[in-house]
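Chemist: These protein sequences, in sequence, are chains D and P.
If you're matching positions, the first sequence starts at -6 in this note's numbering and goes up one per residue.
If you're matching positions, the second sequence starts at -6 in this note's numbering and goes up one per residue.
Virtual Cβ for every residue (Gly too), placed ideally from N, Cα, C.
Treat the numbers as computed from the prediction; the structure is a model and nothing was measured.
Number of protein chains: 2
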Amino acid sequence: MITGKNYIGNALSAKGSKEFRTFDPLLNLETEWTFYEASEAEVKQAVDLSWDAFSKYQEISGSRKAGFLREIAHQIEALDDHLIQVYCRETGLPQGRAKGERGRTCFQLRTFANLVEEGSWVNATIDTAEPNRDPIPKPDLRKMSVPIGPIAVFGASNFPLAYSTAGGDTASALASGCPVVVKSHPMHAGTGELIASAIIKAVEKTGMPNGVFSNLNSSGIEVGQQLVNHPKIKGVGFTGSIQGGRALFDMASRREEPIPVFAEMGSINPVVFLPGALRTRANEWAKTYAGSITLGTGQFCTNPGLLLGIKSDGLNEFVQTLSDEIVQIEPSSMLHPNIISKYRDNKKGMVGEPGVNVVADYTTEVAENHARQAIVKVAGASFIKNPKLHQEVFGPFSMVVECAHEEELIQAIAGLEGQLTGTVIAGQKELVEHQAVINALQNRVGRLIFNGVPTGVEVCPAMQHGGPYPASTDSRFGAVGIHAIERWVRPISYQNWPNVSLPDALKDENPLGIPRLVNNQVTSEPI
Amino acid sequence: MITGKNYIGNALSAKGSKEFRTFDPLLNLETEWTFYEASEAEVKQAVDLSWDAFSKYQEISGSRKAGFLREIAHQIEALDDHLIQVYCRETGLPQGRAKGERGRTCFQLRTFANLVEEGSWVNATIDTAEPNRDPIPKPDLRKMSVPIGPIAVFGASNFPLAYSTAGGDTASALASGCPVVVKSHPMHAGTGELIASAIIKAVEKTGMPNGVFSNLNSSGIEVGQQLVNHPKIKGVGFTGSIQGGRALFDMASRREEPIPVFAEMGSINPVVFLPGALRTRANEWAKTYAGSITLGTGQFCTNPGLLLGIKSDGLNEFVQTLSDEIVQIEPSSMLHPNIISKYRDNKKGMVGEPGVNVVADYTTEVAENHARQAIVKVAGASFIKNPKLHQEVFGPFSMVVECAHEEELIQAIAGLEGQLTGTVIAGQKELVEHQAVINALQNRVGRLIFNGVPTGVEVCPAMQHGGPYPASTDSRFGAVGIHAIERWVRPISYQNWPNVSLPDALKDENPLGIPRLVNNQVTSEPI
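(1) Take arginine 365 of chain D as the anchor and find which of D/Pro324, D/Met343, D/Glu385, D/Leu20 has the nearest alpha-carbon.
(2) Buried or exposed: where does threonine 356 of chain D fall if 16 or more other Cβ atoms within 10 Å of its Cβ makes it buried?
(3) Would you call the stretch 161 to 172 of chain D and the stretch 91 to 111 of chain D touching, i.e. three or more CB-CB distances under 8 Å?
(4) Considering only C-alpha positions, which residue in the set P/Cys99, P/Asp120, P/Glu64, P/Pro87 is nearest to leucine 510 of chain P?
(5) For chain P, check one thing: does any of its Cβ atoms lie closer than 8 Å to the Cβ of threonine 118 of chain D?
(6) Nearest by alpha-carbon distance to glutamine 412 of chain D: which of D/Ala256, D/Ile53, D/Leu76, D/Ala191 is it?
(7) Against chain P, with Cβ distances strictly below 8 Å, would tyrosine 487 of chain D count as a contact?
(8) What span of residues does the beta strand (DSSP E) with asparagine 362 of chain D cover, start to end?
(9) Let me check one thing: in DSSP terms, what residues is alanine 256 of chain P bridge-paired to?
(10) For arginine 95 of chain D, would you say it is in contact with chain P, using Cβ-to-Cβ distances shorter than 8 Å as the test?
(11) Less than 7 Å between C-beta atoms, sequence neighbours within five positions excluded: which residues of the same chain meet that for arginine 248 of chain P?
(12) Tell me where the beta strand (DSSP E) around tryptophan 26 of chain P begins and ends.
(13) Grouping DSSP H, G and I as helix and E and B as strand, with all else coil, what is tyrosine 50 of chain D?
(14) Using a C-beta cutoff of 8 Å, does glycine 284 of chain P count as contacting chain D?
(15) To test your reading of the DSSP string, which unbroken alpha helix (DSSP H) runs of 4 or more residues are found completely within the stretch 61 to 114 of chain D?
(16) To be precise: take each residue of the stretch 384 to 400 of chain P, compare its Cβ to all Cβ atoms of chain D, and keep it if any distance is under 9 Å. Which residues remain?
(17) To which residues does DSSP link aspartate 120 of chain P through a beta bridge?
(18) Please report how far the alpha carbon of alanine 472 of chain P lies from the alpha carbon of alanine 149 of chain P, in whole angstroms.
(19) Using a Cβ-Cβ distance under 8 Å, would glycine 471 of chain D count as near chain P?
(20) Does chain P have any CB closer than 8 Å to the CB of glutamine 38 of chain D?
(21) Grouping DSSP H, G and I as helix and E and B as strand, with all else coil, what is aspartate 354 of chain D?
(22) Compare the C-beta of glutamate 502 of chain D with all C-beta atoms of chain P and state if any pair is closer than 8 Å.
(23) Between the stretch 416 to 435 of chain P and the stretch 322 to 342 of chain P, do three or more beta carbon pairs fall short of 8 Å?
(24) Going along chain P, which residues have a C-beta under 7 Å from cysteine 453 of chain D?
(25) Tell me, please, whether the CB atom of tyrosine 462 of chain P is closer than 8 Å to any CB atom in chain D?
(26) Do you know whose CA, among P/Lys340, P/Leu241, P/Ile286, lies nearest valine 229 of chain P's CA?
(27) What three-state label does DSSP hand aspartate 45 of chain D in the structure shown?
(28) Quick one: grab the DSSP three-state call for aspartate 162 of chain D.
(29) Pick helix, strand or coil for aspartate 17 of chain D, following the three-state DSSP scheme.
(30) Between P/Val174, P/Pro491, P/Met137, P/Ala270, which has its C-alpha nearest alanine 145 of chain P's C-alpha?
(31) Reducing DSSP to helix, strand and coil, say where leucine 505 of chain P ends up.
(32) Can you check whether the CB of lysine 136 of chain P is closer than 8 Å to the CB of alanine 164 of chain D?
(33) Is there a C-beta anywhere in chain D that falls below 8 Å from the one on methionine 553 of chain P?
(34) Can you tell me whether DSSP reads phenylalanine 395 of chain D as helix, strand or coil?
(35) Measuring alpha carbon to alpha carbon, tell me which of P/Glu400, P/Asp133, P/Arg57, P/Ser391 ends up nearest glutamine 457 of chain D.
(36) Please report the distance separating the alpha-carbon of threonine 84 of chain P from that of glutamate 385 of chain D.
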């Protein structure tokens, strides 16, 4: 059942006076659930509780935290069809997508469970003493990662499960030993409450401290501001717009004690088509890209919004086929009237910029909240001199940039802001022949893709989901895969500390049996 | 020879109109060298050159970078006595300290040389493809660390060698593949120029790109501001005051593209004396701490500025002996008239706060620029309610806090700002008996020390030099040891990238022979 209330730790609470509803974009109607926005007192209560929980939770063993994370996954699966139905109503996305995202969410939780159960993620590093060293003795030093404190997680509009309430940020923070306070995304507050109820069940069932997780409803920006400015919040995870992420980053940087904000923000995911690939396979790539651009109504942060090539017959053929193909795809719904309205405005804005020509636009009548996909084209010179054309149009939209020559292509790439991904469509030999193009692209992105599409983010250790600003606020970290846990920890050293009082990861006898860097050698042996 | 000029890449340059001199605190006179502050055009020229150098330098192999770093160390050693003499004149520090710091600086350079020559620091992580996976094929993904771009390094007043021109920040940045532009510290610009000349010789001798290193003179704040605000600067390293570090952090956070600032700032390095230790060894610890407080005229970021204990005969005895001992130590010179004048002001300010009693003060006549060491004492209750008492007094000064009971001790610790270190003086059993005290301390510090002194920072992998804000602006990184390189890199993933075009660290055949995480197993085998 959806109550519309907040979870302040394990307790449901609705003390605020502000109410709001979620929206069913397919029915073009508000849903029947009323949500109660968290009051300032409730925000404070949730954070205070998370702070108290931190002192206990950070001491809990990896295997117990693993049990907690696995129980969350289990409880999410136990929500069964009810979760899928609410998800679909609040997003307009199809059941298949809902189920896939649920699977990914539970996979992430279990991956982090395995990580903390195994235990070597704390990067135990030991340098033993040399009491007789000349001129001064060398002390015994032992270093490991410890959690930084309560984390505020902001749900993403476009990933109600995998990057929201129990998504990657929450899973990695809980795995690290940090309590989490979620600011639920107002577009899918019902989905969020269901997931929160699963987490709270897991908290109770596995005996985790009350306050290790809270879920706050919010339709505006106040709850988020109060969270980020609260002195007991020590880090922030966010997935969403550049405007939103930058606002949180600015707020966190201005605090008396600044805290890290990991915002995964916009990206236009440039795709570079080298001439050889278009000479032989222009049609094939055009069909593939028509699918990638419209996948999920273009509502992915890895949506290919920029297609760059050099003026040629091959590029003409590619654009022609892409245009033909994309208008044949059945339009689908966007997540919310606000999102489609912004899509229409941004698209209109782009089309109005000098030198931008529409080469494909779905003009047939569409159902309410369904997006008309479009492709525009612009010359390299116009693109380079107009930074407005470098901005993201969130939705099924892409811009072809026709460069006069390779020099212009390099210049167009080098002038881009930071990106999550950069894709190269090329023959294998072409990479070597166009090294300067690849180098320019590499300096702008977090992930390079060869002969593929940027949509689809594999969850595995070698994935980097993040990139130079503004793809993310801190390019040194990523939001997907096990290394995402590194965002929530800091190293601490123990000098000459008695063995009995050291954390298990650093004890002489290595009771966890983990690999450690001991006197510059990796070993799982005791000392 | 000291020319007083800037190094813009490999070329000496003095186009600015502002001149300044360094100061010999022992002679209480300006030195004979005139330095030419870098003009805005020179700052721009240095950064542009570093940007051009970046595209080449990031491609240079680990073994060639290692040769470069070793050559820097060799060239620094070749400066021989000339360097030591200039260092001593510009700081008033003794020859032994100068030589020790030179040794540490060269050791750091060689440690990073070994690190990048070996090569596994890039954290190569590989997940191989599963083309037949259902429902969608798994791509091949390979991740490693790459340098972020040109770094601005700010020299530290109190470490002219180890944390300045060729210090830890420069060594780690150059090792990572990032060019460096140093803003030389105005108090030891001559020492800085000599070191810069050694680096430039190494650049030329090992064929590194011009612009991989520049050294800019500056007596004010403008050069630093221009550096941090330049769009081509991608990171900042700083060691110094909270005021200075925070100003740079704020500037960097407000940029259109925010960049990371790693500022290692103030710390009062709390030392907690548990009752048992003082019952049996109060005198011994008092003598040890009289030495630690006055070491290097108290001009270390790890200087023990706060001594906490519980009211007892043992604490009385400790304070009495500490007071007796410390006034017997011969006062020594501080680095600069500005520093001693600030020391006098801060000390006077502390003494004037309610409840603060002077228990030891060196009152005999001292030579010019020599600091009078002092110990003050305050009750726990007064300390807890007055945050002014939590601030650093840079110099040979320490405050004893006498707590009424353990609860008050915990409260005093929990109310502290973030610290580089926290020390516990205790019997081994006492750690277990006072777990809440230890937990409170652990949450506030980057390094915990048992029965020792915080001064002395061992350079080794297990050292953490950094801590919660304001000890450093980013507690997740440290400024000492091999892991300091992680500040200057970001991960990048290659998806389905042709083997021949992958960086060596990620190639199937593992030509570097480094350990890599391949499908979740660490191995040095080829794929």
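Modeler: Short version:
(1) D/Pro324
(2) exposed
(3) yes
(4) P/Asp120
(5) yes
(6) D/Ala256
(7) yes
(8) Neither: asparagine 362 of chain D is in no beta strand (DSSP E) and is coded neither H nor E.
(9) P/Phe231
(10) no
(11) Asn222
(12) 22 to 29
(13) helix
(14) no
(15) 88 to 111
(16) none
(17) P/Leu134
(18) 13 Å
(19) yes
(20) no
(21) strand
(22) no
(23) no
(24) Asp120, Leu134
(25) yes
(26) P/Leu241
(27) helix
(28) helix
(29) strand
(30) P/Val174
(31) coil
(32) no
(33) Examination of residue 553 of chain P is not possible in this model, given that chain P is present from -6 through 520 alone.
(34) The amino acid occupying residue 395 of chain D in the given sequence is glutamate; phenylalanine does not appear at that position. Strand.
(35) P/Asp133
(36) 54 Å
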